[in-house]
Structures are given as structure tokens and as C-alpha cells.
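Heads up, the thing below is written out as C-alpha cells.
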Amino acid sequence: MSNESEIKGLKCKFENVYYYFNIVICYSQSYPCYSFRKKKRKKKKKILSMLAHTAALPSFSIVRMGGRARPAKRSQSQRSNAGFGGGRKEQLWHCVEGCGACCKLNKGPSFATPDEIFDDPSDVQLYRSMVGPDGWCIHYEKSTRRCSIYSERPYFCRVEPDVFETLYGISKKKFNKEACSSCRDTIKAIYGPHSKELDNFNCALRS
1 MSNESEIKGL KCKFENVYYY FNIVICYSQS YPCYSFRKKK RKKKKKILSM LAHTAALPSF
61 SIVRMGGRAR PAKRSQSQRS NAGFGGGRKE QLWHCVEGCG ACCKLNKGPS FATPDEIFDD
121 PSDVQLYRSM VGPDGWCIHY EKSTRRCSIY SERPYFCRVE PDVFETLYGI SKKKFNKEAC
181 SSCRDTIKAI YGPHSKELDN FNCALRS
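So for the sequence shown, my numbering puts the first residue at 1; every next one is plus one.
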């Protein structure tokens, strides 16, 4: 019985707080005079003191004051992404001189074979005819790390959006991301994950 009477008393206090608070809102909108502001301060103190006693009132998840609900917190997805890399630009792929990792045509079992890449048998034949005894392209000059037929090289030697879409089904929108990732994997496989060639490639993309 004592618990029920205490709960009823707390509810009555809460209703009184709600009643007084609405009175303050109504009068403040109708009579914004100096004398009323003094009374408003006194009533506000009274309301705050009553709220201190009703703060532990159970089973009230949302408290309405003055007819307005407390604004909900913004979700994580609604918060701004400004700063901390939120506005980072996409890295644009471009070839780096002095690398030549892609000219190692026979890269080992971890890479796709010509039969897996090409649908046209003539492309498979051309690719295999370019592979030298050491696995490097016969047109690759190791002393200068340059291609001797660069301007006339086959289409599959060109890192371009249309080529990636034709051979690998990669959309033009994802070209830069996939091209950069492909080059990194190739450089790691040929020269190693801590090679100067990989450092040069990463530095070139950041500049």
C-alpha cells in the first residue's frame, strides 16, 4: 500500500509540473512584460525543484514539455563525414617509369593463364608468342626497363577502362580502383612487398 501511494504521489507531482510548465508557456507568449518575467523566474525555479523530485519516475520513456517532444539524436549515418579522410579523393591510375612489372608475362600459378583471360584463340596465341624463356616479354628491355614496341603494343597490354571492361568485366566507374590494386599485386609478386618499385608506385599515386 505504501508503494502504491508513493507512485500516485509522484504521478500527481508530475502532472502538476506539466500543468505549471504549460501555464508558463502560455503566459510568456501573451504577456512578455518585465514584471511577468520576474514571476516566470520564480515559477521556473519551482518547476525545476519539482522536477528534481520526479526525475526517478518509472515507465516514462519520453517526457513531453510544453507540448513539444525532445528531439531525437541523429544516427551515425546522418552525421557529417567532414574531416578524418571523409573527403578523400579517388586515386587515379597512371603508369610509373622504371617499373616493368606487368611485362613479366609468366607470373606463376597465382595469376590467371592466357586461356582463362582471353576468349579469342588468336589473343591466346599472340600472348604466348611474346613470352620469353625467362618469363619476361620479348619486347621488354631490361637495361632501360622500357617496352620497345610501346606505341604499337597489343590492346591487352594497355591499362585502359575499355580493356578492363572487355577482359575482366570491370566497369569504368571502378577502373581506377581495380587498376591500382592490380598493379600493386603485380609489383609485390615480381619485386616483393617491400621493394622500391612498390614505394615509387604508391608515391606517384599520392602526388
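All C-beta atoms, glycine included, are put in the ideal place defined by N, C-alpha and C.
Keep in mind it's a predicted model, so treat the numbers as computed, not measured.
- Excluding residues up to 5 positions away in sequence, P114 lie with their Cβ nearer than 8 Å to the Cβ of R128 in the same chain.
- For I190, the enclosing alpha helix (DSSP H) has its first and last residue at F175 to Y191.
- Per the Cβ contact rule, the region 132 to 143 is not in contact with the region 173 to 192 (fewer than 3 Cβ pairs under 8 Å).
- V159 carries a coil assignment under DSSP once its states are collapsed to helix, strand and coil.
- With fewer than 16 other Cβ atoms inside 10 Å of its own Cβ, I149 counts as exposed.
- Taking I117 as the centre and dropping the five residues before and after it, the same chain places the C-beta of L167 closer than 7 Å to its C-beta, in chain order.
- Straight-line spacing of the CA atoms in S143 and D199 works out to 20 Å.
- By the Cβ test, the region 152 to 160 is not in contact with the region 184 to 195, since fewer than three Cβ pairs between them sit closer than 8 Å.
- Note on the region 83 to 125: whole alpha helix (DSSP H) runs with a minimum of 4 residues are 114 to 117, in chain order.
- Excluding residues up to 5 positions away in sequence, V163 lie with their Cβ nearer than 8 Å to the Cβ of Y155 in the same chain.
- C103 is positioned such that its CB atom lies closer than 7 Å to that of Y140.
- When rounded, the separation of the alpha-carbon atoms in L92 and F175 is 9 Å.
- DSSP, read as helix, strand or coil, puts R128 in helix.
- Exposure of E97 is indicated by the presence of fewer than 16 other C-beta atoms within 10 angstroms of its C-beta.
- Beta-bridge pairing by DSSP links E141 to R146.
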